[in-house]
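**Student:** Sequential numbering of the sequence shown, starting at 15, is according to the working numbering. One structure coming up, written as structure tokens, with questions to follow.
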Amino acid sequence: MVSLTAPVAALPSATVKAAISGPSLKRKHSDSDNEGQMATAIKRPRVSFDPNVDIRLLEDYNEKGIELIREEVRRAIDKHVAGDSASYDEIKTLFKSRPTASAAPSTKLLSKYVVALIGNVSLLNKNCSGLVHAILDCQWLARDEAFKRLYVTLLASLMSAHGGYTGSVLQSLAKHFYGVPSPNTRHETDPPVTRLELRQRVHETLRRLLKLIPSASGVLTNILASTFPTTQDTAKVYLTYLNNLMEVTEYAPELQGTVLALITEKLVKLDVQIQVDMEDLEEELEESVLQQALYKLEEDNEEDEGSDVEDEEDNSDYESSSDDGMDNDQKRIQELRDSVGKMDAILDILFEYYHRIFVKSAHVDAQQTFEFLISQFKNIILPTYRSRHTQFLLFHFAQSSPVFIAQFSSVCAELAFDKTRPQIMRLAAAAYLASFIARGAHVPRDTVRQIFVILGQNLDYFRQNHEANCKGPDLRRYSNYYALSQALLYIFCFRWRDLITSETDSYAEDEEILFQGGDLAWLPGIKEMMRGNIYSKFNPLKVCSPGVVTQFARIAHHLRFLYVFPLLETNKRLRLARNISASVMYGVQERETALTAKNSESALQLDSYFPFDPYNLPRSKRWMKGDYNEWKSIPGLDEEEAEDYSDSDSQADESEDEENFEEGTATEAST
15 MVSLTAPVAA LPSATVKAAI SGPSLKRKHS DSDNEGQMAT AIKRPRVSFD PNVDIRLLED
75 YNEKGIELIR EEVRRAIDKH VAGDSASYDE IKTLFKSRPT ASAAPSTKLL SKYVVALIGN
135 VSLLNKNCSG LVHAILDCQW LARDEAFKRL YVTLLASLMS AHGGYTGSVL QSLAKHFYGV
195 PSPNTRHETD PPVTRLELRQ RVHETLRRLL KLIPSASGVL TNILASTFPT TQDTAKVYLT
255 YLNNLMEVTE YAPELQGTVL ALITEKLVKL DVQIQVDMED LEEELEESVL QQALYKLEED
315 NEEDEGSDVE DEEDNSDYES SSDDGMDNDQ KRIQELRDSV GKMDAILDIL FEYYHRIFVK
375 SAHVDAQQTF EFLISQFKNI ILPTYRSRHT QFLLFHFAQS SPVFIAQFSS VCAELAFDKT
435 RPQIMRLAAA AYLASFIARG AHVPRDTVRQ IFVILGQNLD YFRQNHEANC KGPDLRRYSN
495 YYALSQALLY IFCFRWRDLI TSETDSYAED EEILFQGGDL AWLPGIKEMM RGNIYSKFNP
555 LKVCSPGVVT QFARIAHHLR FLYVFPLLET NKRLRLARNI SASVMYGVQE RETALTAKNS
615 ESALQLDSYF PFDPYNLPRS KRWMKGDYNE WKSIPGLDEE EAEDYSDSDS QADESEDEEN
675 FEEGTATEAS T
């Protein structure tokens with residue numbers, strides 16, 4: 015019988031259960047113990063460190079590759095042109111970041127963007143001017159050397175691909191002529207750098223750009239002129255800029271003439287401003303200003319030592335606050351003192367610069383540089399009547415060679431005789447010629463005689479052709495004649511020894527010359543020439559400066575050359591007339607205010623303006639050592655009494671005129 019109940023499977027035995035049991039989530043105690051022991055054995059080596067192993071952190075592991083950045087830059091520019099500037103602005107931000115900022119990009123990362131921009135430089139047209147200016151304004155000087163090379167390549171590529179950026183690129187470099195940033199403004203990953211190295215990087219960059227793109231020199235010239243410091247800038251800023259300009263001429267000789275002319279032009283403006291400010295100062299106060307200027311410069315030099323870590327912004331703040339607590343007069347005097355010190359330091363630098371060329375360079379370089387100086391004299395210095403010290407660059411270096419002495423003398427003479435020149439230029443040229451011949455210690459005897467004879471010949475020629483129509487002394491109508499006459503009188507007072515002839519033609523002591531007695535042997539013809547002009551209708555002794563005339567009269571009488579005291583007495587009773595029609599006719603109406611600017615009859619007489627009168631700047635006057643012919647008293651002259659000129663009032667006037675003559679009257683023209 016079959017049972018309908020399903021059979022019940024028999025339960026396996028314990029032995030079978032153990033053999034067929036599957037995976038279980040429950041670990042046996044013995045297994046756990048074994049694995050723990052194995053894990054312990056395996057982990058021990060992983061926590062032990064070898065002290066000899068060099069462990070390095072890869073800081074830039076997450077920086078993007080160069081190809082990715084190049085594509086990023088290209089797309090950012092394309093989107094910017096299309097109107098989406100988000101990525102474009104991010105790139106600008108990278109270059110605008112200060113290297114010392116916490117979020118500043120590393121130099122390595124920024125280098126990749128520079129490389130990418132070089133590859134896409136053709137896209138950086140005027141639509142991307144914002145990015146270009148961000149690049150130019152970035153603080154790259156203190157980055158490492160590799161970045162500097164890439165950055166300079168980018169600048170060169172910009173100038174080559176887009177000429178319109180040339181001015182901006184050069185401007186970004188010229189701004190450092192005022193001073194480089196602090197070396198501390200570098201990224202933490204960059205090596206330390208000094209101010210001198212930063213300055214060298216500026217000039218290395220500029221040198222390379224000018225070499226690659228010669229046409230950039232003309233653009234740079236305009237930039238240097240527009241960024242030149244003003245007279246209100248501090249001496250430190252002025253001198254820093256000047257030194258940088260000097261260095262430019264070393265690697266860009268094509269700019270030498272232009273740069274030197276620019277410096278001279280700015281120097282003359284400062285010189286004139288100082289003379290204007292000096293007008294109201296008393297003599298004692300003027301000397302004090304000069305001395306204080308020297309002390310101030312010495313203090314500045316001491317403070318400059320160790321200035322490598324200074325921040326230039328701090329310096330400017332200090333200087334601007336130094337005037338606190340002063341009244342207007344004190345501020346004016348301090349500003350004048352600073353200007354004098356600035357002028358002194360600038361001239362000292364220029365003397366040093368030219369000295370290296372004239373003394374240490376080849377003759378060709380010296381000749382070319384002297385031509386630059388002559389050009390500056392004609393176009394800048396000579397037309398500026400109140401220049402006081404700038405012209406001593408010519409005075410010093412013209413005496414460095416007999417050739418230059420002759421050349422400068424000839425230039426002055428030609429300008430004085432050139433009727434096509436403005437009258438004011440001719441008068442000034444005559445004053446420069448007289449002052450150079452009289453005061454130049456290295457001007458040889460032959461040159462003195464030659465110039466004296468040439469001046470005399472011109473006076474004789476003019477007198478012979480115009481005396482018949484002369485109605486009396488008239489400065490405005492015959493101004494050039496009187497300027498040449500005064501030049502002769504002045505030269506005679508200083509160089510009369512060179513106008514005496516002897517068999518040996520050798521120099522002798524004054525006592526030996528005067529001890530001979532009798533009339534001295536003068537250069538043939540000069541005595542007759544002087545007498546003929548002095549006693550002509552033009553009457554130059556009435557129109558020439560009283561100080562020069564009085565001194566000439568005393569010396570000429572003492573040397574038994576001419577006796578003109580009776581004529582001086584007659585001239586006192588002669589009144590000069592103001593001939594307005596003649597002044598307009600001869601085009602010298604404006605000269606009254608520029609050359610004379612005096613009241614009463616003195617306005618109708620020449621000023622005793624001789625531009626090489628004593629040099630007063632305390633530091634740079636060292637360059638005048640041995641160059642300057644100081645006034646020498648003549649033995650017996652001070653003790654001599656002029657019998658025919660004994661009126662007490664006349665003696666008082668004579669004494670005052672003599673004092674003015676001997677002290678130098680270069681500043682009278684501005685009073």
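C-beta atoms are modelled at their ideal positions from N, C-alpha and C, and glycine is treated no differently. Here the structure is a predicted model, which means the values were calculated and not measured.
Could you name each continuous beta strand (DSSP E) segment of 3 residues or more that falls completely within the stretch 345-397, going from the start of the chain to the end?
**Tutor:** none
**Student:** Using a Cβ-Cβ cut-off of 8 Å (strictly less than) and excluding sequence neighbours within five positions of Arg222, which residues of its own chain qualify?
**Tutor:** Val166 and Ala170
**Student:** Counting pairs of Cβ atoms below 8 Å between the stretch 413-427 and the stretch 386-398, do you hit three or more?
**Tutor:** yes
**Student:** Are Phe552 and Tyr504 touching if we call contact CB-CB under 8 Å?
**Tutor:** no
**Student:** In angstroms with no decimal places, state the Cα-to-Cα distance between Ile465 and Asp641.
**Tutor:** C-alpha separation (whole angstroms): 19 Å.
**Student:** Looking at the structure shown, is Gly640 part of a helix, part of a strand, or coil, going by DSSP?
**Tutor:** coil
**Student:** Which whole-angstrom value describes the C-beta separation of Lys106 and Ala148, a residue pair presumed to lie in contact below a C-beta threshold of 8 Å?
**Tutor:** 4 Å
**Student:** Rank Glu85, Tyr475 and Phe409 by C-alpha distance to the C-alpha of Ala452 and give the top, closest one.
**Tutor:** Phe409
**Student:** Quick one: what's Trp536 bridged to in DSSP?
**Tutor:** Answer is Ile514, bridged to Trp536.
**Student:** Would DSSP call Gly546 helix, strand or coil?
**Tutor:** Gly546: helix per DSSP, three-state reduction.
**Student:** Using the C-alpha atoms, what's the distance from Leu350 back to Glu268?
**Tutor:** In this structure, the alpha-carbon of Glu268 lies about 36 Å from that of Leu350.
**Student:** What residue range is occupied by the uninterrupted alpha helix (DSSP H) comprising Asp158?
**Tutor:** No alpha helix (DSSP H) holds Asp158; DSSP gives it neither H nor E.
**Student:** As a quick exercise: from Gln390, Ala420, Arg112 and Ala160, pick the residue whose alpha carbon is nearest that of Glu202.
**Tutor:** Arg112
**Student:** Whose C-alpha, out of Ser499, Val457 and Asn257, is nearest the C-alpha of Ile548?
**Tutor:** Ser499
**Student:** So what does DSSP say about Gly79, is it helix, strand or coil?
**Tutor:** coil
**Student:** Applying the 10 Å Cβ sphere with the 16-neighbour rule, what's the burial state of Thr121?
**Tutor:** buried
**Student:** Does the distance from the C-beta atom of Leu168 to that of Ile227 stay below 8 Å?
**Tutor:** no
**Student:** Can you give me the Cβ contacts of Asn141 inside the same chain, cut-off strictly under 6 Å, excluding the 5 residues immediately before and after it?
**Tutor:** Val95
**Student:** Excluding five sequence neighbours on each side, which residues of the same chain lie with their C-beta closer than 8 Å to the C-beta of Ile80?
**Tutor:** Hits under 8 Å: Lys126, Val129 and Ala130.
**Student:** Which whole-angstrom value describes the C-beta separation of Leu502 and Gly470, a residue pair presumed to lie in contact below a C-beta threshold of 8 Å?
**Tutor:** 7 Å
**Student:** Is it true that the CB of Ile91 sits closer than 8 Å to the CB of Leu137?
**Tutor:** yes
**Student:** Compute the Euclidean distance between the alpha carbons of Ala430 and Tyr475, then round it to the nearest angstrom.
**Tutor:** 15 Å
**Student:** To the nearest angstrom, report how far apart Glu218 and Glu264 are at their CA atoms.
**Tutor:** 12 Å
**Student:** With a 10 Å radius around its C-beta and 16 neighbouring C-beta atoms as the bar for buried, classify Pro206 as buried or exposed.
**Tutor:** Exposed is the call here.
**Student:** With H, G and I counted as helix, E and B as strand and the rest as coil, what does DSSP make of Gly650?
**Tutor:** coil
**Student:** Is it buried or exposed for Leu238, if we count other Cβ within 10 angstroms and need 16 for buried?
**Tutor:** buried
**Student:** Could you name the residues that DSSP lists as bridge partners for Gly454?
**Tutor:** Tyr642
**Student:** Is there a Cβ of chain B sitting closer than 8 Å to that of Arg453, yes or no?
**Tutor:** Here there is only one protein chain, and chain B is not present.
**Student:** Any contact between the stretch 383-393 and the stretch 346-366? By contact I mean 3 or more CB pairs, one from each, below 8 Å.
**Tutor:** No: the two stretches stay apart, fewer than three of their Cβ pairs being nearer than 8 Å.
**Student:** Assuming contact is defined by CB atoms lying nearer than 8 Å, are Leu284 and Thr254 in contact in what I supplied?
**Tutor:** no
**Student:** From Ile438, Ser622, Arg509 and Trp637, pick the residue whose C-alpha is nearest to that of Ile648; which is it?
**Tutor:** Arg509
**Student:** In whole angstroms, give me the CA-to-CA distance for Ser231 and Leu224.
**Tutor:** Taking the straight line from one Cα to the other gives about 6 Å.
**Student:** Using the beta-carbon count (16 or more within 10 Å), is Asn479 buried or exposed?
**Tutor:** If you draw a 10 Å sphere on the C-beta of Asn479, you find fewer than 16 other C-beta atoms in it, and that means exposed.
**Student:** Count the other CB atoms, across all protein chains shown, that sit within 10 Å of the CB of Ala535; report buried if there are 16 or more and exposed otherwise.
**Tutor:** Its Cβ having fewer than 16 others within 10 Å, Ala535 is exposed.
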